[in-house]
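Using the numbering used here, read the sequence shown as starting at 281 and increasing by one per residue.
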Amino acid sequence: MQEYFHIDLNIWQFLVFVVVGTLTGIINTIAGSGSLITLPVFIFMCDLSPSIANASNRIGVFLQSVVATGKYAQSKPEVFRGSLWLIIPSVLGAILGSKIAVDIDEKMMNYTIGGLMVFMLIVLLFKPERWLIEDKLTKAQNKNIGTFVTFFLIGIYGGFLQAGVGFFLLAGLVLISKYSLTQSNGLKLALVLAFTAPALALFMYYGKVHYGYGLLMGIFQAVGAWIGVKYIVKIPNANLWIYRLLIVIVAASAIKFFI
281 MQEYFHIDLN IWQFLVFVVV GTLTGIINTI AGSGSLITLP VFIFMCDLSP SIANASNRIG
341 VFLQSVVATG KYAQSKPEVF RGSLWLIIPS VLGAILGSKI AVDIDEKMMN YTIGGLMVFM
401 LIVLLFKPER WLIEDKLTKA QNKNIGTFVT FFLIGIYGGF LQAGVGFFLL AGLVLISKYS
461 LTQSNGLKLA LVLAFTAPAL ALFMYYGKVH YGYGLLMGIF QAVGAWIGVK YIVKIPNANL
521 WIYRLLIVIV AASAIKFFI
């Protein structure tokens, strides 16, 4: 147990944590998929196994989600009304997904994360945000079995891997439930918070979390989330620059996983 609290970083590696953690918090607040940056850091720099990295990553996701959702709720509380129908299937799916992640072997987890990097690179290059440009306020259509199943499946993925789940949540919220993009971004933060909590608890129960690296990264992710909600959302074309940065980082990480 003690080794899961030990941190072995030089000054330059610590600075990587500061930059990556803060940047990830910002990215996850504005767009999503920041875990595509933190996972390679945990695996390649901290030398954590893919399954431990995947579990430890949830600490930062949880902390940044608490901060971002809290700030969002202060300014736009109406966004979260009627969201229970989305939260319930997402949480149930996340519990199942995290249990699958606990049971999967390390080699398969490594290939899964590497394959995800390639898939998300393709998604980024084809700019899925073009599907989500509609931003008119419409009445949400979230209380039907199709929506329940959709968010149950998204929850399974979020519990299993987390990285990239923001894209799927936005697509489900806008294209399936008919929320506006503005509403969807706030709901995305709340849903991630809701299903990350039980997933993290399950990973902790099975001894899969490195608390030292996870908490250190999480502190800076929380700072980044605060910066993102308070300042970055107001910057013109912030999404565009974040997507460009993600393409570069994900491409480099995908190559690293398979060499």
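Idealized CB from N, CA, C, for every residue including glycine.
Extent of the continuous alpha helix (DSSP H) run through residue i
i	result
residue 455	Premise fails: residue 455 is in no alpha helix (DSSP H) and is neither H nor E.
residue 505	491-510
residue 352	330-355
residue 375	364-383
Buried/exposed call for residue i, threshold 16 Cβ in 10 Å
i	result
residue 389	buried
residue 528	exposed
residue 490	buried
residue 337	buried
residue 501	buried
residue 399	exposed
residue 370	buried
residue 285	exposed
residue 377	buried
residue 417	No answer about residue 417 holds up, because its pLDDT of 46 lies below 50 and its placement is not dependable.
residue 354	exposed
residue 402	exposed
residue 293	exposed
residue 535	exposed
residue 395	exposed
residue 391	exposed
residue 532	exposed
residue 405	exposed
Whole-Å CB distance - residue i paired with residue j, under 8 Å assumed
i	j	result
residue 471	residue 368	Contact doesn't hold; Cβ gap of about 11 Å is too wide.
residue 498	residue 339	4 Å
residue 348	residue 469	5 Å
residue 438	residue 374	5 Å
residue 434	residue 448	5 Å
residue 488	residue 321	Not quite, the Cβ-Cβ distance comes to about 17 Å (not below 8 Å), so this is no contact.
residue 397	residue 295	The Cβ separation is near 24 Å, so there is no contact.
residue 287	residue 493	6 Å
residue 563	residue 456	The requested residue 563 does not occur in the structure, where the chain is confined to residues 281 to 539.
residue 440	residue 393	About 11 Å separates the two Cβ atoms, so there is no contact after all.
residue 331	residue 467	Actually they are not in contact, since the Cβ atoms of residue 331 and residue 467 sit about 29 Å apart, beyond 8 Å.
residue 432	residue 372	6 Å
residue 496	residue 297	6 Å
Residue i - DSSP class collapsed to helix/strand/coil
i	result
residue 411	Residue placement at residue 411 is poorly supported in this model, since its pLDDT is 47, which falls under 50; the coordinates are not used for a value here.
residue 424	coil
residue 395	helix
residue 285	coil
residue 290	coil
residue 327	coil
residue 488	coil
residue 417	With a pLDDT of 46 at residue 417, under the threshold of 50, the predicted position of this residue should be treated as unreliable, though the coordinate-derived value follows. Of the three classes helix, strand and coil, the one that applies to residue 417 here is coil, per DSSP.
residue 474	helix
residue 311	coil
residue 305	helix
residue 524	helix
residue 532	helix
residue 469	helix
residue 463	helix
residue 435	helix
residue 446	helix
residue 441	coil
Discussion item. Can you confirm whether the stretch 489-509 touches the stretch 301-319 when touching is taken to mean that 3 or more C-beta pairs between the two stretches lie within less than 8 Å?
Written reply: Yes: at least three Cβ pairs fall under 8 Å.
Worksheet item: Is it a yes or a no for the stretch 475-482 touching the stretch 319-329, going by three-plus beta-carbon pairs under 8 Å?
Response: no
Item to complete: Would you be able to state if there are at least three C-beta pairs under 8 Å between the stretch 342-358 and the stretch 441-456?
Response: no
Worksheet item: Counting Cβ pairs closer than 8 Å, one from the stretch 295-305 and one from the stretch 459-468, do we hit at least three?
Response: no
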